[in-house]
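Asker: Under the UniProt record's numbering, the first residue of the sequence shown carries the number 1, and numbering increases by one thereafter. Shown below is the structure under consideration.
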Amino acid sequence: MTTTAIRGGLVITAAEETHADVLVEDGKVAALAAPGSAFAQGWQADRTLDATGKYVIPGGVDAHTHLDLPFGGTASSDDFETGTRAAAWGGTTTIVDFAVQSRGQALREGLDRWHAKADGRCAVDYAFHMILSDVNESTLKEMDLLVSEGVTSFKLFMAYPGVFYSDDGQILRAMQRAAGNGGLIMMHAENGIAIDVLVEQALAAGRTDPRYHGEVRKALLEAEATHRAIQLARVAGSPLYVVHVSAEEAVAELAQARDKGLPVFGETCPQYLFLSTDNLAEPDFEGAKYVCSTPLRPREHQAALWRGLRTDDLQVVSTDHCPFCFSGQKELGRGDFSKIPNGLPGIENRMDLLHQAVVDGHITRRRWIEIACAAPARMFGLAPHKGTIVPGGDADIVIYDPHAEQTLSAATHHMNVDYSAYEGKRVTGRVETVLSRGEVVIDRHTYTGRPGHGRYVPRTTCQYLT
Ligand code: DUC
Ligand code: ZN
Ligand code: ZN
Ligand code: ZN
């Protein structure tokens with residue numbers, strides 16, 4: 001039985017901040033004790049980590065990643081080994097990735113494929129959502145089975161006609177099924193049919209640069225789809241989680257639904273909080289680095305996102321980490337923005353960027369932990385093992401130096417991608433040491449983890465509803 005003591009830090013959870021020693025036994029949190037008290041009573045640790053002057057926070061839970069995802073004629077450049085290692089570097093100790101059902105495929109085939117990609121390769125713990133690309137009678141029946149084995153959330157797309165797209169009838173059926181089996185429907189809310197018309201018109205008019213990606217994927221078409229998804233969920237009697245919310249108008253739809261008391265939830269991502277259409281307009285095709293969907297918005301939208309995070313109209317910040325190298329991958333879209341693979345890297349940067357938001361005064365320290373750790377854990381059935389520091393919970397713990405200064409850069413990050421979306425950005429705060437189930441995987445800025453340490457975690461249903 002290995003015991004570890006984390007001494008002298010300020011323990012921050014979503015619920016409270018307290019100076020305490022954290023005692024870890026066999027991968028679990030054994031106790032929180034007043035500083036020094038456990039040792040005075042004879043408690044002994046095999047290893048003591050000094051957290052004096054530091055924060056002791058739960059490991060991050062990133063509920064939206066795409067590792068090793070075939071997309072846009074290529075595949076995301078981080079696989080489960082490199083992506084989860086980068087997550088650990090950034091203080092994230094649990095990811096929920098999206099297994100994909102391809103057209104004509106059973107859910108089981110897609111899920112097995114994702115297990116094979118991840119098995120034995122992960123540095124931190126992982127779970128799966130399931131993307132539904134082919135809603136039919138047998139898919140609907142399979143949803144029940146997946147829920148019972150711990151894949152309790154299903155992503156549907158109102159965008160990407162011909163690829164992932166579901167029509168309103170398919171969406172309604174999947175929502176009805178989720179209403180019966182306890183599953184949570186996650187929605188990519190953009191009107192993809194209308195967007196495709198605008199894409200065609202833009203290209204025909206010679207508007208081929210990356211910035212037109214942002215212009216055709218209009219905020220109003222995100223808001224319209226968000227509104228439609230909410231109404232369909234009401235009709236079906238199912239809860240709804242809208243992923244990667246970027247438009248002020250979409251936040252307003254969520255706020256209105258929540259004011260009615262509906263079980264509607266929203267996620268945003270660091271790129272929408274810190275980047276904007278200014279980045280998409282960077283010259284020499286550099287804007288391609290910032291092509292993702294939903295797209296980056298004009299800077300004016302950011303205030304609504306921060307407000308939504310403060311008022312709890314948005315509950316979660318995940319990354320939608322879906323990296324493609326500029327060289328050879330983003331470049332596929334030179335001369336045609338619609339061929340730029342959609343997605344941004346960020347799995348390593350989320351905890352730091354959100355800490356910077358604390359420094360900047362957008363959110364409190366406890367809200368930082370809520371939106372990055374506790375809320376995603378509860379939303380996706382991982383609490384209380386993940387997302388908090390509580391006796392009996394997993395010892396997924398980060399010692400965080402709130403005073404260290406760092407400059408985000410591709411030269412120093414650990415994601416397998418040749419650029420940083422935040423190149424040159426100065427942030428205050430840095431991950432120092434990371435424990436995953438009691439094992440030190442980052443030891444004072446040195447990686448000490450290994451592929452295969454991370455375990456698959458079956459999930460219960462959404463804990464916001466019970
Ligand atoms: N959006 C992205 O930017 N990448 C992956 C899929 C998605 O919906
Ligand atoms: Zn999406
Ligand atoms: Zn995504
Ligand atoms: Zn310091």
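We put the beta carbon where it would ideally sit given N, CA and C, even for glycine. Here the structure is a predicted model, which means the values were calculated and not measured.
1) Mind listing, in chain order, the continuous beta strand (DSSP E) runs of no fewer than 3 residues lying wholly within the region 129 to 180?
2) Once DSSP output is grouped into helix, strand and coil, what is the label at residue 436?
3) Please state if the CB of residue 110 and the CB of residue 147 are separated by a distance shorter than 8 angstroms.
4) Of all the options 268, 275, 296, which has the alpha carbon lying nearest to the alpha carbon of residue 218?
5) Would residue 57 and residue 398 qualify as a contact pair, given that the criterion is a beta-carbon distance under 8 angstroms?
6) For residue 287, name the three-state secondary structure that DSSP assigns.
7) Taking Cβ positions, are residue 99 and residue 114 nearer each other than 8 angstroms?
8) For residue 502, which of helix, strand or coil comes out of DSSP?
9) Comparing alpha-carbon positions, which option in 310, 274, 318 lies nearest residue 299?
10) Specify, as a first and last residue, the run of the alpha helix (DSSP H) that residue 17 falls within.
11) Give a yes or no on contact between the region 45 to 52 and the region 70 to 79, applying the rule of three or more CB pairs nearer than 8 angstroms.
12) What are the start and end residues of each continuous alpha helix (DSSP H) run of 4 or more residues lying completely inside the region 284 to 334, in chain order?
13) For residue 221 and residue 240, I'd like the C-alpha separation in whole angstroms.
14) Can you grab the Cα-Cα spacing for the pair residue 326 / residue 377, in whole Å?
15) What is the DSSP secondary structure of residue 345, reduced to helix, strand or coil?
16) Can you give the Cα-Cα distance for residue 370 and residue 197, rounded to whole angstroms?
17) Where do the N-terminal and C-terminal ends of the beta strand (DSSP E) with residue 98 fall, by residue?
18) Would a C-beta distance cut-off of 8 angstroms place residue 174 and residue 237 closer than the cut-off?
19) Would a C-beta distance cut-off of 8 angstroms place residue 395 and residue 29 closer than the cut-off?
20) Is the beta carbon of residue 351 closer than 8 angstroms to that of residue 60?
21) For the alpha helix (DSSP H) containing residue 107, list its first residue and its last residue.
22) Tell me the rounded alpha-carbon separation between residue 230 and residue 36.
23) Is it the case that the CB of residue 320 approaches a heavy atom of ligand 3 more closely than 7 angstroms?
24) Check the C-beta distance from residue 435 over to residue 423 and give it rounded, since I have them as a contact under 8 angstroms.
25) What I want to know is whether the C-beta of residue 163 ends up closer than 7 angstroms to one or more non-hydrogen atoms of ligand 2.
26) Quick one: grab the DSSP three-state call for residue 337.
27) For residue 100, is the beta carbon positioned less than 7 angstroms from some heavy atom of ligand 3?
28) Going by the beta-carbon positions, is the gap between residue 373 and residue 318 smaller than 8 angstroms?
29) At a cut-off of 7 angstroms, is residue 342 close to ligand 6 when judged by its beta-carbon and the heavy atoms of the ligand?
30) Relative to the C-alpha of residue 34, which candidate in 308, 6, 184, 26 has its C-alpha closest?
31) Out of 267, 331, 430, 387, which has the shortest C-alpha to C-alpha gap to residue 15?
32) Going by C-alpha distance, which of 164, 433, 365 is nearest residue 72?
33) Identify whether residue 201 lies in helix, strand or coil by the three-state DSSP scheme.
34) Report the rounded CA-to-CA distance for residue 405 versus residue 32, giving the unit in angstroms.
35) Which residues does DSSP list as the beta-bridge partners of residue 431?
Answerer: Based on what the coordinates show:
1) 153 to 157
2) strand
3) no
4) 296
5) yes
6) helix
7) yes
8) An answer regarding residue 502 cannot be provided, because it is not within the stretch 1 to 466 covered by the chain.
9) 274
10) Here residue 17 belongs to no alpha helix (DSSP H); instead the beta strand (DSSP E) covers 17 to 25.
11) no
12) 302 to 311
13) 18 angstroms
14) 32 angstroms
15) coil
16) 39 angstroms
17) 92 to 100
18) no
19) yes
20) yes
21) 107 to 118
22) 51 angstroms
23) yes
24) The pair is not a contact, with the Cβ atoms about 30 angstroms apart (cut-off 8 angstroms).
25) no
26) helix
27) no
28) no
29) Because ligand 6 does not appear in the structure shown, any question about it cannot be addressed here, the ligands present being ligand 1, ligand 2, ligand 3 and ligand 4.
30) 6
31) 387
32) 164
33) helix
34) 29 angstroms
35) 400
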